[in-house]
Amino acid sequence: MLNRRNFLKKTMVAYVAAKTVTTPNVFAENRKSNVAISQSSNHRATVRSAVAMLGGMENFISKGDVVAVKPNMAWAREPKYAANTNPEVVAEVVKLCFEAGAKKVYVTDNPCNNARSVYAISRIPEYVQKEGAEVFIPQNRHYKEMNLRGTFIDDWPVLELFKTADKVINVPVAKHHGSTQLTASIKNWLGAVGGFRGSLHQNLHQAIVDLAAFFKPTLNIVDCTRILMANGPTGGSLDDVKISNKIIASTDQVATDFLAAKELGFEPTTIKFLQIAEKQGLGTSDKNEMNIVYEKV
Numbered sequence: 477m478l479n480r481r482n483f484l485k486k487t488m489v490a491y492v493a494a495k496t497v498t499t500p501n502v503f504a505e506n507r508k509s510n511v512a513i514s515q516s517s518n519h520r521a522t523v524r525s526a527v528a529m530l531g532g533m534e535n536f537i538s539k540g541d542v543v544a545v546k547p548n549m550a551w552a553r554e555p556k557y558a559a560n561t562n563p564e565v566v567a568e569v570v571k572l573c574f575e576a577g578a579k580k581v582y583v584t585d586n587p588c589n590n591a592r593s594v595y596a597i598s599r600i601p602e603y604v605q606k607e608g609a610e611v612f613i614p615q616n617r618h619y620k621e622m623n624l625r626g627t628f629i630d631d632w633p634v635l636e637l638f639k640t641a642d643k644v645i646n647v648p649v650a651k652h653h654g655s656t657q658l659t660a661s662i663k664n665w666l667g668a669v670g671g672f673r674g675s676l677h678q679n680l681h682q683a684i685v686d687l688a689a690f691f692k693p694t695l696n697i698v699d700c701t702r703i704l705m706a707n708g709p710t711g712g713s714l715d716d717v718k719i720s721n722k723i724i725a726s727t728d729q730v731a732t733d734f735l736a737a738k739e740l741g742f743e744p745t746t747i748k749f750l751q752i753a754e755k756q757g758l759g760t761s762d763k764n765e766m767n768i769v770y771e772k773v
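Residue numbering for the sequence shown follows my numbering, beginning at 477 and increasing consecutively.
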């Protein structure tokens with residue numbers, strides 16, 4: 477594991493090199509996945525620290541960009557129950573995007589519970605609107621049928637914003653899930669599609685990977701500030717919530733989910749979608765192939 481000073485030096489070299497290519501998540505110095513883990517009871521500071529260790533949000537967002545932010549905003553639960561992404565975390569991501577020069581930042585999700593209830597009780601819209609983000613509850617006009625060219629999913633209605641935006645920031649919460657054991661970066665994309673999502677459960681793990689491969693987020697910022705350790709994805713008891721005060725950030729969805737699984741005490745090799753995602757080249761679960769840096773703020 478690198479110390480912070482050496483990591484930042486390496487990252488800044490890579491940042492300069494990355495400006496010459498079209499994708500901000502390619503580090504010319506090496507092909508390892510850069511992962512930042514930050515910890516603090518000040519959750520906004522934790523987000524800011526993790527992103528800074530990856531070179532800053534300006535390494536991912538350019539002046540004039542339209543940015544789509546995808547939190548987990550699925551359940552009519554208060555933030556303390558850790559069923560949705562911490563609203564402070566999402567708000568700080570929005571703030572960082574604007575500081576990096578974003579023209580517009582949109583925040584949306586296709587919830588499982590009643591949308592108006594979810595949007596109100598999760599408090600995510602309340603927090604992000606204060607930072608200037610535009611929030612909307614998905615309507616039929618926001619979806620477009622697209623060919624995902626997946627192993628399991630072909631044509632499917634997706635939230636068009638997540639394909640038309642200049643940059644996409646994935647901001648999931650790490651938590652237990654009854655069907656897949658874990659939900660974090662890769663599984664968060666189920667909230668970016670419409671249609672009858674229940675039918676995706678016929679081959680759920682492959683469907684999850686198909687979606688993650690299709691949306692290709694610019695950056696993943698995983699909320700591990702409060703972790704729902706059991707009875708996910710909805711939760712409802714504070715007895716199931718662990719306060720970890722951490723953020724895991726990386727361009728690598730597999731690496732973030734590997735480390736998130738460890739935070740929940742899961743053995744990543746038992747999580748089927750994680751293994752499929754790695755085999756399909758979405759990232760690595762090999763810690764030898766990760767540059768990991770940690771900072772306690």
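Glycine included, every Cβ here is placed at the ideal spot set by N, Cα and C.
*asked:* Please classify glutamine 678 as buried or exposed, where buried requires at least 16 other C-beta atoms within 10 Å of its C-beta.
replied: Working through the sequence shown from its first residue, we reach residue 678 at position 202. The residue in question, glutamine 678, is exposed, as its Cβ has fewer than 16 Cβ neighbours within 10 Å.
*Report yes if the CB atom of serine 726 is closer than 8 Å to the CB atom of serine 509, and no otherwise.*
One-based indexing of the sequence shown puts residue 726 at position 250. One-based indexing of the sequence shown puts residue 509 at position 33. It is a contact, given that the beta carbons lie within the stated cut-off.
*In terms of alpha-carbon separation, which member of Phe628, Thr627 and Val644 lies closest to leucine 635?*
Within the sequence shown, numbered from 1, the residue matching residue 635 stands at position 159. When each option's Cα is compared against that of leucine 635, the closest is Val644.
*Which residues does DSSP pair with lysine 722 in a beta bridge?*
The sequence position of residue 722 within the sequence shown is 246, counting from 1. Answer by DSSP bridge pairing, in chain order: Gln515 and Cys700.
*Specify whether the segment 517-534 and the segment 620-635 touch according to this definition: at least 3 beta carbon pairs, one from each stretch, less than 8 Å apart.*
no
*Assign proline 563 to one of three DSSP states: helix, strand, or coil.*
Position 87 of the sequence shown, counting from 1, holds the residue named residue 563. Proline 563 falls in the helix class under three-state DSSP.
*proline 500 by DSSP, collapsed to three states: which one?*
Looking up residue 500 in the sequence shown gives position 24. Any reading at proline 500 must be qualified, since the residue scores a pLDDT of 38, below 50, and its modelled position is unreliable; the value itself is stated next. Coil.
*beta strand (DSSP E) runs wholly inside the segment 521-574, at least 3 long, in chain order*: 542-547
*Between the segment 604-612 and the segment 579-588, do at least 3 Cβ pairs fall closer than 8 Å?*
yes
*With a Cβ-Cβ cutoff of 8 Å, do glutamate 564 and tyrosine 619 count as a contact?*
Working through the sequence shown from its first residue, we reach residue 564 at position 88. Working through the sequence shown from its first residue, we reach residue 619 at position 143. The answer is no: Cβ separation not under 8 Å.
_By the three-class DSSP mapping on this structure, what secondary structure does valine 631 have?_
The residue you call residue 631 lines up with position 155 of the sequence shown. The question names valine, but residue 631 in the sequence shown is aspartate. Aspartate 631 falls in the strand class under three-state DSSP.
*Determine the contact status of arginine 553 and asparagine 562, defining contact as a CB-CB distance below 8 Å.*
Along the sequence shown, one-based indexing puts residue 553 at 77. Along the sequence shown, one-based indexing puts residue 562 at 86. Contact: no.
*Alpha carbon to alpha carbon, how far is asparagine 646 from proline 547?*
Locating residue 646 in the sequence shown gives position 170, counting from the first residue. Locating residue 547 in the sequence shown gives position 71, counting from the first residue. Computed Cα separation, rounded: 6 Å.
*Around the C-beta of alanine 731, are 16 or more other C-beta atoms found within 10 angstroms, so that it is buried, or is it exposed?*
Position 255 of the sequence shown holds residue 731. Classification of alanine 731: buried, given that the 10 Å Cβ count is 16 or more.
*asked:* Just list the residues that DSSP pairs glutamine 657 with in beta bridges.
replied: Working through the sequence shown from its first residue, we reach residue 657 at position 181. The partner list for glutamine 657 (beta bridge, DSSP) reads His653.
*asked:* Relative to the C-alpha of arginine 507, which candidate in Thr710, Asn664 and Asn764 has its C-alpha closest?
replied: The residue given as residue 507 occupies position 31 in the sequence shown. Ranking the options by Cα distance to arginine 507, first place goes to Asn764.
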